[in-house]
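Read through the structure below, which is laid out as structure tokens, and then see the notes.
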Amino acid sequence: MVSDSAALPGRLSAGAQSAAASRLTPFPDARRWLQLGLAVIWLLDGVLQFQSMMFSKGFSQMLAGTAPGNPAAIADPINWASRLIADHPVATNTTFAAIQVLLGLGIANRRTIKVALAASIVWSLGVWWFGEGLGGVLNGGASPVNGAPGAVILYALLAVLLWPADASRDDARPAPFVAARLVGPAAARAVWLVLWGSLAYFAVTAGNRTAQGLHDMVAGMASGEPGWLAGLNRAGASLLNHQGLAASIVLAVLLAVIAAGVFLPPPLARAAVILAIALALVIWVAGQDLGTILAGGATDPNSGLLLAVVAVAYWPAARPARTPDAQGELA
Amino acid sequence: MMMIPAWILDVFAAIMLVVAALSAGRLAIGRLRPGADVDTAHLLMGVAMAGMLASSLHTLPTTVWVVVFVVVSAWFAWRLLAEVRAEGTAGLGTGHDLPHLVHSASMVYMFAAVNTTAHGSGMGMGMGMGMGTLEVPTLGLGFILFLAGWAVWDLDQIGNALLHAHGAWLPRLSVSQQPAVALATAGPGAVSGPGPSAAPAASATRVTATQAPAGHPGNPPSPGAASSEAGARLLDPRVAVACRIAMGITMAFMLVIML
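Protein chains in written order, with our numbering: chain V, 94 to 424; chain W, 197 to 455.
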């Protein structure tokens, strides 16, 4: 019996369909879920870039504001880029928004994921420099609470860690966690140590350990936020009032514990990852106000959410096993 | 403060008109088939959103649209409830009722929660003439994240040949109606990946489905039109999913600029 499918292109024989079905996973594996999460964040960034404020002088001024305090070699190109954007706000911003939407869609599409991830690394590095002034790492303004080391550099890090390929083809020795699948456990743990260790350092830099440093940072977030978030800011600021040094030290110790945690046996490593996720989400909600998306003018959800996604990629597998990963070969 | 350039809103409005036209075409070809509720919802949302984006495309008053989408939301909520009762919560990720319920609820939210007092312009006047802002913006952010998330999920699933073959992400058609289209869409490029053994039974079901006779009661009621290549392509479930992706992204865009 000839079915309606006979009139359609690209049909498969029943045998081919059966064989194809037997080679595919029905649902994404852990790495694919994280890739999809990254795709959602890029898509969110893209639509955020369409806000009316981004087409105004305010956007270029926001970029220019990241230049002061950086070395001239870093600051001059930022100023040049912000002038270019100020002169052509519609063309440049529409391009930025379209690129970010396409990155999200490209990562979501299994056939284009490698191209999109590679492009996202290039784009992230560019935005980290020209849009975030290297996250304030060089000008002393970086803090884990205000988004250090720059949200967008975490996109690039995730693109590398979630790259759809495996360093080892040895099924008997699978990667112990998702982030190790491409670069191996040692390199992945080194990346983790640098990331969370640097955050621990930033927590106690001079500007962040003053009596009112964290208080002012949190209290300053409340403007323009919905009532519940502004209330959270006020409560947090009240707790931190004149407690900046103690709070900075506690934060740095927690971050240092997290940084060392992935080198511990799996049960303790899991506890460290849970602590990392919890701390990242607390910072994201109470310290970064969900990236100030609700107040308007945000270009991304800030670093807290990305740190949580990075942490999930380090969750030790209960029974390390390299699940068959369709997209790695599809891409 | 500079507004969003009108041509950007017009581009999104044009995309919504294309979605509405495709959905109308699908309804015209097979209006009695299961899944027509999805096309009807897409048609209504496409027209409504185009009117919100471009004042020249304004159609019905805001109140009417609110009532329309409350009814559509209630329909998909009822369908979702039936789906959960029949299959449990496991089917939520692969069925179509949840995303359409959220899409419809987003429409209600956009029409009902917009505060235009500061701007002096109603939604029906089009965003190009001045946007309102949304009440309860946290809810708006929730909608944005869901819409973006589901658009990404849909795009991922389009590339998943097994789900193509299962028809799990397709509008809920009977076995004999999933046919063909589901199999035909699983092109060679979409099935080149390795993976574990899976679903031989489902495979057998699919083969049976493709062999359903054209006059089978479950098949589309207009065999002449539906059997034409153009008609079949229009009824390809990927068209409905592509419409859903386009609408999800456009809705997320609209919600973001109204936050």
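Ideal placement from N, C-alpha and C gives every residue a C-beta, glycine not left out.
For clarity, every value in this text was computed on a predicted model and none was experimentally measured.
For residue 133(V), the nearest beta carbon of chain W is closer than 8 Å to its own beta carbon.
Interface residue (Cβ-Cβ distance to chain V less than 8 Å): residue 334(W) is classified as such.
With contact defined as three or more Cβ pairs closer than 8 Å, the region 313-320 of chain V and the region 263-278 of chain V are not in contact. Under the three-state reduction of DSSP output, residue 329(W) falls in the strand class. The straight-line gap separating the alpha-carbon atoms of residue 391(V) and residue 211(W) is approximately 26 Å.
Using a CB distance cut-off of 8 Å, residue 355(V) does not count as an interface residue toward chain W. Distance from the CA atom of residue 254(W) to the CA atom of residue 245(W), rounded to whole angstroms, is 9 Å.
Legend: CB atoms of the region 165-197 of chain V lying less than 9 Å from CB atoms of chain W belong to residues 182, 183, 187, 190, 194 and 197. Residue 172(V) sits in a helix when the DSSP states are folded into three classes. Within 7 Å of the CB of residue 141(V), the CB atoms of chain W belong to 452, in sequence order along the chain.
The way I'd put it, the region 210-230 of chain V doesn't touch the region 359-369 of chain V; fewer than three beta-carbon pairs between them come closer than 8 Å.
If you draw a 10 Å sphere on the C-beta of residue 270(W), you find fewer than 16 other C-beta atoms in it, and that means exposed. Check the Cα spacing between residue 203(V) and each of 355(W), 274(W), 448(W) and 259(W): the tightest is with 355(W). Around residue 221(W), the same chain offers 430 as residues with beta carbons nearer than 6 Å, after the five sequence neighbours per side are excluded.
Contact annotation for residue 306(W) against chain V: no contact, minimum CB-CB distance about 14 Å [criterion: below 9 Å]. Counting only runs of 4+ residues, the alpha helix (DSSP H) found wholly inside the region 126-192 of chain V occupies 150-157 and 165-180, in chain order. At a Cβ-Cβ threshold of 8 Å, residue 348(V) and residue 237(V) count as neighbours. Taking 8 Å as the upper bound for CB-CB distance, residue 393(V) and residue 281(V) are not in contact here, some 24 Å apart. At least one CB atom of chain W sits nearer than 8 Å to the CB of residue 129(V). Scanning its chain for C-beta atoms nearer than 6 Å, with the 5 sequence neighbours on each side dropped, one finds around residue 312(V) the residues 330, in chain order. With a threshold of 8 Å between beta carbons, residue 121(V) makes contact with chain W. A contact between stretches requires three or more CB pairs, one per stretch, nearer than 8 Å, and the region 429-447 of chain W meets this requirement with the region 345-354 of chain W.
Of all alpha-carbon atoms in 399(V), 410(V) and 406(V), the one lying nearest the alpha-carbon of residue 124(V) is that of 406(V). With 16 or more other Cβ atoms from the protein chains shown falling within 10 Å of its own Cβ, residue 225(W) counts as buried.
Residue 202(V) sits in coil when the DSSP states are folded into three classes, being neither helix nor strand. The DSSP-derived three-state label of residue 232(V) is coil. When DSSP states are grouped into helix, strand and coil, residue 356(W) belongs to the coil group. For residue 449(W), the chain V residues whose C-beta falls within less than 7 Å of its own C-beta are 140 and 143, listed in chain order.
Closer than 8 Å to the CB of residue 437(W) there is not a single CB belonging to chain V. In terms of Cα proximity to residue 341(V), the closest of 184(V), 325(V), 322(V) and 307(V) is 307(V). In terms of CA proximity to residue 350(V), 372(V) leads the group 372(V), 337(V), 334(V) and 181(V). Fewer than three pairs of CB atoms, one per stretch, sit closer than 8 Å, so the region 354-363 of chain V makes no contact with the region 319-339 of chain V. A Cβ-Cβ separation of about 6 Å places residue 409(V) in contact with residue 269(V) under the 8 Å criterion.
Using a CB distance cut-off of 8 Å, residue 202(V) counts as an interface residue toward chain W.
Residue 386(V) reaches chain W at 333, 337, 340, 452 and 455, counting residues in chain order whose Cβ is nearer than 9 Å. Secondary-structure assignment with DSSP links residue 326(V) through no beta bridge to anything.
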